[in-house]
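One structure is given below, encoded as C-alpha cells.
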Amino acid sequence: SGLVEICLMHPLDVVKTRFQIQRCTTDPNSYKSLGDSFRMIFCTEGLFGFYKGILPPILAETPKRAVKFFTFEQYKKLLGYVSLSPALTFAVAGLGSGLTEAIVVNPFEVVKVGLQANRNRFTEQPSTMSYARHIIKKEGLGLGGLNKGFTATLGRHGVFNMVYFGFYFNVKNIIPVNKDPTLEFLRKFGIGLLSGTIASVINIPFDVAKSRIQGPQPVPGEIKYKTCFKTMATVYQEEGILALYKGLLPKIMRLGPGGAVMLLVYEYTYSWLQENW
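Last residue of the sequence shown: 277 in full-length UniProt numbering, with the numbers rising by one and none dropped.
Below, the structure written as C-alpha cells:
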C-alpha cells in the first residue's frame with residue numbers, strides 16, 4: 001500500500017518541494033499556482049519530471065513505516081509507567097516515534113530533495129546512486145552532507161507525528177463507535193483525514209526549512225540555509241510569514257487522504273494481529 005501511495009502521490013511531493021525552494025515569484029521560471037507548476041514541469045521536463053527523486057522514498061518506505069508505528073507502540077507502553085493522561089500519552093508517543101523516524105529517513109530525504117530540485121529533463125539528471133555518491137564524496141556523511149537538514153527533519157517528523165497520532169486517537173475515543181461497518185470505516189477515515197491535514201498545517205514551516213537546507217543554495221558555494229530555526233527566521237524576514245507555508249496545498253492533498261489510509265491500514269492490521277496471534 002505504501003508503494004502504491006508513493007507512485008500515485010509523488011508528483012505532488014515534487015511540486016511541494018519546488019514551491020518550497022522557490023524564493024522569487026518575479027522570476028519567469030517560478031511557479032504561480034499549483035496548475036501552473038504541473039503545466040511547466042510537464043512542458044519542460046516531460047511526464048517523468050513528476051517522478052524525480054522517487055527511488056529514495058521507495059527504498060525508505062518499509063523501514064520508515066515500520067519505525068513509525070513500532071516505536072509509537074513502544075513509546076506508548078513506556079509512557080504507561082509515567083502518570084500521564086491518555087491524551088498526552090498519545091501525543092508524546094507520537095513525538096517520540098517522529099523523532100526516531102527522522103533518524104532513518106533523513107539521508108533519503110537529502111538525496112530526494114536534491115533530485116527533485118533539478119529542472120533538467122529526467123534523462124539528463126544523475127541517477128539516485130550517483131547523486132548519493134556525489135554528496136558523500138563532496139560533503140561527507142555528516143550534518144553538512146548526507147545528513148544535512150537533520151534538525152529540520154526532526155522537527156518535521158516529530159511535530160507531524162505528535163499531532164497526527166495525538167489528534168487521531170484522542171478524537172476517535174471521543175466520537176462514539178458506529179455499529180455499521182461502513183459508517184465506522186467512514187468515521188475513522190474522516191478523523192484520519194483531519195489528523196493528516198492538521199498535522200500538515202502545523203509542521204509545514206519545518207518542511208520549508210528542510211527543503212531550503214537540503215535543496216540548492218541561492219549562491220553556489222555559499223551556505224545560506226544551515227540550521228532549522230535560523231532558516232525559518234531568514235525566510236520570514238526576507239519573504240514574509242506566508243513563505244513558511246509554501247507548498248501547503250500539495251502537501252495536504254497528499255498527506256490528508258494518505259494519512260487517513262495509513263492509519264486505517266495500521267488499525268485494521270493491528271486488530272487482526274491481536275485476534276489471530
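No residue lacks a Cβ here, since even glycine has one placed at the ideal position from N, Cα and C.
As the structure is a computational prediction, the values presented were derived from the model and not from experiment.
- DSSP, reduced to helix, strand and coil, places residue 101 within a helical segment of the structure shown.
- Taking C-alpha positions only, residue 7 is separated from residue 83 by approximately 43 Å.
- With respect to the C-alpha of residue 238, the residue from 249, 247, 218, 250 having the closest C-alpha is 218.
- By the Cβ criterion, the region 15-35 is not in contact with the region 67-80, since fewer than three pairs of Cβ atoms, one from each stretch, lie closer than 8 Å.
- Collapsing the DSSP output to three states places residue 211 in a helix.
- A Cβ-Cβ distance of about 6 Å is found for the pair residue 108 and residue 59, placing them in contact under the 8 Å criterion.
- The three-state secondary structure of residue 131, taken from DSSP, is helix.
- Residue 181 carries a helical assignment under DSSP once its states are collapsed to helix, strand and coil.
- Between the region 176-185 and the region 100-119 there are fewer than three C-beta pairs closer than 8 Å, too few to call the two in contact.
- Counted as a single uninterrupted DSSP element, the alpha helix (DSSP H) harbouring residue 271 occupies residues 248-276.
- Judged by their CB atoms, residue 100 and residue 55 are not nearer to each other than the 8 Å cut-off.
- Residue 97 is not a Cβ neighbour of residue 64, given a cutoff of 8 Å.
- Distance between residue 240 and residue 207, taken at the CA atoms: about 16 Å.
- For residue 219, the three-state secondary structure derived from DSSP is coil.
- At least 8 Å separates the beta-carbon of residue 210 from that of residue 117.
- By the neighbour-count criterion, in which a residue is buried when 16 or more other Cβ atoms sit within 10 angstroms of its Cβ, residue 49 is buried.
- Shown here, residue 118 sits in coil according to DSSP, grouped into three states, outside any helix or strand.
- Judged by beta-carbon spacing, residue 12 lies beyond the 8 Å limit of residue 257, meaning their Cβ atoms are not closer than that value.
- Between the C-alpha atoms of residue 39 and residue 86 there is a straight-line separation of about 47 Å.
- Between the alpha carbons of residue 201 and residue 263 lies a distance of about 18 Å.
- Inclusion of residue 135 and residue 111 in the CB contact set at 8 Å is warranted, their separation being smaller than that value.
- Proximity to residue 164 across 254, 122, 197, 246 peaks at 197, based on C-alpha coordinates.
- 8 Å or more divides the Cβ of residue 192 from the Cβ of residue 94.
- Sequence-distant partners of residue 245 (beyond 5 residues in either direction) whose C-beta falls short of 6 Å from its own C-beta, in its chain, are 204.
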